[in-house]
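Okay, structure first, notes after.
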Amino acid sequence: MAIKLININQGQYDSRLCNNQIIAPVIFEGNCNKAIFTTYLETILIKELLPGQIVIMDNINFHKHTIIKVLIESVGCSILFLPTYSPDLNPIEHYWFKIKNEIRKVTAQFKDISIAVEHVMKFI
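In the numbering used here, the protein residues as written are 36 to 159.
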């Protein structure tokens with residue numbers, strides 16, 4: 036399965052935060068699920084992780100699958116799950132409002148949404 040960049044109004048966003056920097060951003064079609072998240076880990080995120088880092092995740096079911104743990108641990112990292120229903124404790128959540136608003140502002144200036152996203156991410 037390929038992760039496909041698509042129209043912002045039809046897709047969902049994902050990325051990670053490391054030392055107050057967004058890393059490994061992606062736009063994908065539909066809602067995130069185990070297949071999409073696994074592909075994201077395999078093809079994008081684990082290439083950005085350094086041994087000893089802790090990947091903080093919420094408690095959505097697919098985050099807890101064995102393959103997710105195996106992939107993250109394969110690069111020498113570990114997982115920390117947040118308490119249930121605690122987006123205020125997830126540092127990346129504080130960035131999403133700003134990112135989404137900035138992308139909406141510049142979308143009309145670009146022919147391709149992926150270029151608009153790249154543009155915004157340079158300034159976040």
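The beta-carbon is built from N, C-alpha and C at its ideal position, and this holds for glycine as well.
A contact is defined here as three or more CB-CB pairs under 8 Å, and the region 69-86 meets this definition with respect to the region 107-121.
Exposed is the label assigned to A70, since fewer than 16 other Cβ atoms lie within 10 Å of its Cβ.
Judged by DSSP secondary structure, F116 falls within the beta strand (DSSP E) whose first and last residues are S113 to F116. In this structure, the alpha-carbon of P126 lies about 31 Å from that of K146. Counting every other CB atom within 10 Å of its CB across the protein chains shown gives F72 a total of 16 or more, marking it as buried. Counting of Cβ neighbours within 10 angstroms places F63 among the buried residues, the total reaching 16 or more.
The residues T73, in chain order, have a CB closer than 7 Å to that of I102 in the same chain once the five nearest residues on each side in sequence are set aside. Linking W131 to H154 through their CA atoms gives a straight-line distance of about 16 Å. For I95, there is no enclosing beta strand (DSSP E), since its DSSP letter is neither H nor E.
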